[in-house]
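Participant:
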Amino acid sequence: MSSPLAFPMSSAKSDNGRSHIDLDAFYAQSRKFGIGRHCTVTDAKKLCPQLISQHVATWKEGDERWDYHDDAAAHIGTHKVSLDPYRLQSRKILALIKEYLPQNQQKVEKASIDEVFLDLSAQAHSILLERFPELRNPPSYNDPTENLPLPPVIALDWQADALVDLDDADAETTDPDWDDVAILVGSEIVRDIRAEIRRRLGYTCSAGIANNKMLSKLGSGHKKPNQQTVIRNRAVQRFLSDMKLTKIRNLGGKLGDRVVSAFNTETVRELLSVPVEQMKLKLGDDTGVWLYNTIRGIDASEVNSRTQIKSMLSAKSFKPHVNTFDQAVKWLRIFAADIFSRLVEEGVLENRRRPRTINLYHRHGNQTRSRSNGIPQRNILDEAALFDLAKNLLSQIIAEGRVWPCANLSLSVSGFEDGITGNMGISSFLVKGGNLQGPKASSAESGLESPVVEPPEKKRRVDHSNIQRFFPKRETSGGTTREQFNNVNARKESRSPASEDADANHTPRSPTNRSGIGTWPKTFMMRNVAGPH
39 MSSPLAFPMS
49 SAKSDNGRSH
59 IDLDAFYAQS
69 RKFGIGRHCT
79 VTDAKKLCPQ
89 LISQHVATWK
99 EGDERWDYHD
109 DAAAHIGTHK
119 VSLDPYRLQS
129 RKILALIKEY
139 LPQNQQKVEK
149 ASIDEVFLDL
159 SAQAHSILLE
169 RFPELRNPPS
179 YNDPTENLPL
189 PPVIALDWQA
199 DALVDLDDAD
209 AETTDPDWDD
219 VAILVGSEIV
229 RDIRAEIRRR
239 LGYTCSAGIA
249 NNKMLSKLGS
259 GHKKPNQQTV
269 IRNRAVQRFL
279 SDMKLTKIRN
289 LGGKLGDRVV
299 SAFNTETVRE
309 LLSVPVEQMK
319 LKLGDDTGVW
329 LYNTIRGIDA
339 SEVNSRTQIK
349 SMLSAKSFKP
359 HVNTFDQAVK
369 WLRIFAADIF
379 SRLVEEGVLE
389 NRRRPRTINL
399 YHRHGNQTRS
409 RSNGIPQRNI
419 LDEAALFDLA
429 KNLLSQIIAE
439 GRVWPCANLS
449 LSVSGFEDGI
459 TGNMGISSFL
469 VKGGNLQGPK
479 ASSAESGLES
489 PVVEPPEKKR
499 RVDHSNIQRF
509 FPKRETSGGT
519 TREQFNNVNA
529 RKESRSPASE
539 DADANHTPRS
549 PTNRSGIGTW
559 PKTFMMRNVA
569 GPH
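Heads up: the sequence shown begins at 39 in this note's numbering, then just goes up one per residue.
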């Protein structure tokens with residue numbers, strides 16, 4: 039399992055530093071035996087006879103909860119991998135990092151289940167000012183463009199960090215500048231975080247510290263396991279030159295293949311000689327400029343502090359294929375249980391967050407179909423509701439014909455939004471008696487007698503078409519007079535615009551019915567009681 043952690047550091051010169059931490063996956067320790075992540079169990083045991091192979095937790099066809107099954111590897115057709123144990127540990131790690139860092143100086147980005155970036159600019163800057171108070175002094179002659187004085191000539195203690203060699207033009211004997219000092223502070227913070235994760239959760243981590251996300255991610259994979267690599271600004275060229283471009287972030291897929299094909303090379307060193315205009319010509323303006331900068335170690339991507347997930351997916355590729363509706367429905371039940379267990383952790387039961395859309399994807403041969411539907415926001419969202427929605431989507435796909443055998447099914451929910459917590463009951467929206475100012479304490483609680491309007495005697499039809507005829511002129515026992523009601527309306531109309539705005543934002547006025555008891559429009563009640571749409 040890996041968890042990148044990146045941060046920008048504000049130094050006296052630059053605020054573009056990043057660090058990237060990887061939690062060492064199970065295969066990190068097996069690298070020295072030549073075992074890679076795509077190696078089969080058979081080949082892995084040949085390379086490392088003492089290897090212990092443990093299958094991940096799985097959902098078994100027909101079951102409603104994941105478990106560790108000893109025979110899962112022999113029945114991959116009826117088992118589906120569950121990542122829930124990894125998600126649980128990922129949440130623990132993220133919570134630990136947030137707890138460890140100063141609350142007012144942290145910026146956390148969870149990119150995926152195993153990837154976390156941090157922006158530590160404020161914290162690193164604070165530490166620099168504590169260690170070097172002279173940085174607080176205003177520039178000489180009040181000239182903000184004047185360079186800072188060089189840092190004191192001190193030996194920077196990198197401890198056990200793996201330092202990437204400096205570029206040919208520089209040497210280790212060169213006095214450090216503020217970029218070096220700032221990146222040292224960053225490495226200390228990351229080292230402490232790694233130690234805390236090891237102490238409290240038992241996981242070892244590898245890390246990369248550099249001036250941007252792309253470089254720091256490459257650095258975290260440079261020395262594994264349980265090490266951290268520092269890429270100083272003066273070492274970027276040497277670090278990247280001998281690297282395959284497909285190892286760089288965003289160049290490992292189709293775009294990387296396209297670049298290799300366009301320029302007939304896989305190495306960064308050879309691409310460095312290609313002019314930017316030629317890159318723009320072959321790849322387009324935006325991609326060409328991006329590639330030109332990337333291979334030179336330039337990456338301006340920011341750390342996004344949003345850590346909440348945007349979608350959830352549960353999927354299964356079938357070998358052998360699924361051939362009946364009943365068989366497919368069994369898997370939909372597993373998908374619904376899988377997704378709902380994660381929704382519970384997101385706070386769906388407390389209405390903290392819930393998705394708006396459910397999607398089903400179906401693959402038959404080379405044909406892929408998908409159907410989506412909105413998730414009713416007024417209803418309680420539970421596992422059964424997800425299952426019913428999924429079955430409905432499958433029925434829509436089946437109605438089109440030619441769906442068996444099915445090679446793949448996947449169910450997803452998306453469009454997450456924050457819910458409303460602490461909703462009041464419907465009774466709190468009802469106006470008590472003559473109280474037209476919004477919901478307050480009941481008359482019993484306030485010690486006041488609640489006025490009650492008795493219905494008037496049945497009278498013959500009159501030629502009054504306005505609403506005034508619905509209110510009796512005479513005062514009834516415990517009731518209100520028409521004059522009193524009109525006085526209330528007059529007071530209402532004379533209110534200040536500010537009070538009108540307050541009512542618009544909080545408690546709308548209630549129309550009054552024939553009995554004199556205030557009621558809320560049904561649409562308003564449903565919108566507020568049922569939650570957000």
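We put the CB at the ideal spot given by N, CA and C, even for glycine. Just so you know, these numbers come straight off a predicted model, no measurement behind them.
Tell me the rounded alpha-carbon separation between SER91 and LEU139.
Facilitator: Working through the sequence shown from its first residue, we reach residue 91 at position 53. Working through the sequence shown from its first residue, we reach residue 139 at position 101. Using only the alpha carbons, I get a separation of about 36 angstroms.
Participant: Looking at VAL228 and SER57, is the spacing between their C-beta atoms short of 8 angstroms?
Facilitator: Counting from 1 along the sequence shown, the entry for residue 57 is found at position 19. Counting from 1 along the sequence shown, the entry for residue 228 is found at position 190. Closer than 8 angstroms, so yes.
Participant: Around the C-beta of LYS511, are 16 or more other C-beta atoms found within 10 angstroms, so that it is buried, or is it exposed?
Facilitator: For this step, residue 511 is matched to residue 473 along the sequence shown. Its pLDDT being 49, under 50, LYS511 is placed unreliably in this model, and the value from its coordinates should be taken loosely. Exposed.
Participant: Tell me the DSSP bridge mates of ASN397?
Facilitator: The residue given as residue 397 occupies position 359 in the sequence shown. Note: ASN397 sits in a beta bridge opposite SER410, SER450.
Participant: Out of ILE151, ILE135, GLU168, which one is the CA nearest neighbour of LEU158?
Facilitator: Numbered from its first residue, the sequence shown carries residue 158 at position 120. The candidate whose alpha carbon is nearest that of LEU158 is ILE135.
Participant: Check the DSSP bridge columns for HIS402 and list the partner residues they point to.
Facilitator: Reading the sequence shown from its first residue, position 364 is the one you call residue 402. According to DSSP, HIS402 bridges with GLN405.
Participant: Run through DSSP, which three-state label would GLN88 get?
Facilitator: In the sequence shown, counting from the first residue as 1, residue 88 sits at position 50. If DSSP states are grouped into helix, strand and coil, GLN88 belongs with coil.
Participant: Using the C-alpha atoms, what's the distance from VAL367 back to ILE151?
Facilitator: Mapped onto the sequence shown, residue 151 falls at position 113. Mapped onto the sequence shown, residue 367 falls at position 329. About 28 angstroms.
Participant: Can you confirm whether the region 431-447 touches the region 387-407 when touching is taken to mean that 3 or more C-beta pairs between the two stretches lie within less than 8 angstroms?
Facilitator: They touch, by the three-pair rule.
Participant: By alpha-carbon positions, which one of PRO189, ALA160, ASP181 ends up nearest to LEU173?
Facilitator: Within the sequence shown, the letter at position 135 stands for residue 173. Cα-wise, what sits closest to LEU173 is PRO189.
Participant: CB ARG394 to CB GLY453, shorter than 8 angstroms?
Facilitator: In the sequence shown, the residue the question calls residue 394 occupies position 356. In the sequence shown, the residue the question calls residue 453 occupies position 415. Contact flag set, yes.
Participant: Assuming ILE372 and TRP97 are in contact, meaning their beta carbons sit under 8 angstroms apart, how far apart are those beta carbons, in whole angstroms?
Facilitator: Reading the sequence shown from its first residue, position 334 is the one you call residue 372. Reading the sequence shown from its first residue, position 59 is the one you call residue 97. So it is a contact: roughly 5 angstroms between Cβ atoms.
Participant: Could you spell out where the beta strand (DSSP E) holding ASP420 opens and where it closes?
Facilitator: For the purposes of this step, residue 420 is identified with residue 382 of the sequence shown, where counting begins at 1. That residue, ASP420, is in no beta strand (DSSP E); it is neither H nor E in DSSP.
Participant: Identify every run of the alpha helix (DSSP H) within the region 180-265, keeping only runs that are complete inside it and at least 4 residues long; order them along the chain.
Facilitator: Counting only runs of 4 or more, we get 216-239, 251-258.
Participant: Given 8 angstroms as the limit, is there contact between the region 319-329 and the region 292-305, that is, 3 or more CB pairs closer than that?
Facilitator: With a cut-off of 8 angstroms, the region 292-305 and the region 319-329 count as touching, because enough Cβ pairs lie within range.
Participant: Pull up the CB-CB distance for VAL268 and LEU201, whole angstroms please, since I reckon it's below 8 angstroms.
Facilitator: Here residue 268 is taken as the residue at index 230 of the sequence shown, counted from 1. Here residue 201 is taken as the residue at index 163 of the sequence shown, counted from 1. That belief holds up - the Cβ atoms of VAL268 and LEU201 are roughly 5 angstroms apart, short of 8 angstroms.
Participant: Are the CB atoms of LEU424 and CYS243 nearer to each other than 8 angstroms?
Facilitator: Along the sequence shown, one-based indexing puts residue 424 at 386. Along the sequence shown, one-based indexing puts residue 243 at 205. It is not a contact, given that the beta carbons lie outside the stated cut-off.
Participant: Could you compute how far the alpha carbon of ASN389 sits from the alpha carbon of GLY412?
Facilitator: The residue you call residue 389 lines up with position 351 of the sequence shown. The residue you call residue 412 lines up with position 374 of the sequence shown. If you take the alpha carbons of ASN389 and GLY412, they lie about 17 angstroms apart.
Participant: Consult DSSP for PRO313 and reduce its assignment to one of helix, strand or coil.
Facilitator: As a working mapping, residue 313 is identified with position 275 in the sequence shown. Here PRO313 sits in coil by DSSP.
Participant: Going by DSSP in three states, LEU351 sits in which element: helix, strand or coil?
Facilitator: In the sequence shown, counting from the first residue as 1, residue 351 sits at position 313. Here LEU351 sits in strand by DSSP.
Participant: Report the rounded CA-to-CA distance for ARG272 versus CYS77, giving the unit in angstroms.
Facilitator: Position 234 of the sequence shown, counting from 1, holds the residue named residue 272. Position 39 of the sequence shown, counting from 1, holds the residue named residue 77. So the alpha carbons of these two residues sit roughly 37 angstroms apart.
Participant: Within this structure, are the beta carbons of ILE221 and ILE247 separated by less than 8 angstroms?
Facilitator: Taking the first residue of the sequence shown as position 1, residue 221 is located at position 183. Taking the first residue of the sequence shown as position 1, residue 247 is located at position 209. Contact flag set, yes.
Participant: Write down the C-beta distance between ILE59 and ALA245 rounded to the nearest angstrom, noting that I regard them as a contact closer than 8 angstroms.
Facilitator: Stepping through the sequence shown from its first residue, residue 59 is reached at position 21. Stepping through the sequence shown from its first residue, residue 245 is reached at position 207. ILE59 to ALA245, Cβ: 4 angstroms. Contact.
Participant: Using C-beta distances below 8 angstroms, list every residue in its chain close to LYS251, excluding the 5 sequence neighbours before and after it, in chain order.
Facilitator: The residue you call residue 251 lines up with position 213 of the sequence shown. Result list for LYS251: ALA44, ARG56, HIS58, PHE155, ARG287, ASP337, SER339, VAL341, in chain order.
Participant: Are PHE356 and GLY115 close, meaning C-beta to C-beta below 8 angstroms?
Facilitator: Counted from its first residue, the sequence shown places residue 356 at position 318. Counted from its first residue, the sequence shown places residue 115 at position 77. In contact: PHE356 and GLY115 (Cβ atoms closer than 8 angstroms).
Participant: Which one or two residues does DSSP pair with CYS2 in a beta bridge?
Facilitator: Here the chain covers residues 39 to 571 and nothing more, so residue 2 does not appear.
Participant: Provide the residue(s) that pair with THR96 in DSSP beta bridges, ordered along the chain.
Facilitator: As a working note, residue 96 is residue 58 in the sequence shown. Answer is ASP105, VAL119.
Participant: From which residue to which residue does the alpha helix (DSSP H) around VAL274 run?
Facilitator: Here residue 274 is taken as the residue at index 236 of the sequence shown, counted from 1. Unbroken alpha helix (DSSP H) run through VAL274: 274-279.
Participant: In the DSSP assignment, what are the bridge partners of PHE170?
Facilitator: As a first step, residue 170 must be located in the sequence shown, where it is residue number 132. Paired residue(s): none; PHE170 is not in a bridge.
Participant: Would you kindly report the start and end of the unbroken alpha helix (DSSP H) that includes VAL154?
Facilitator: Here residue 154 is taken as the residue at index 116 of the sequence shown, counted from 1. Careful: VAL154 lies outside any alpha helix (DSSP H), inside the beta strand (DSSP E) at 153-157.
Participant: Based on Cα-Cα distance, which residue from GLY72, LEU126, ALA112 lies nearest to GLU384?
Facilitator: For this step, residue 384 is matched to residue 346 along the sequence shown. Nearest C-alpha to GLU384: LEU126.
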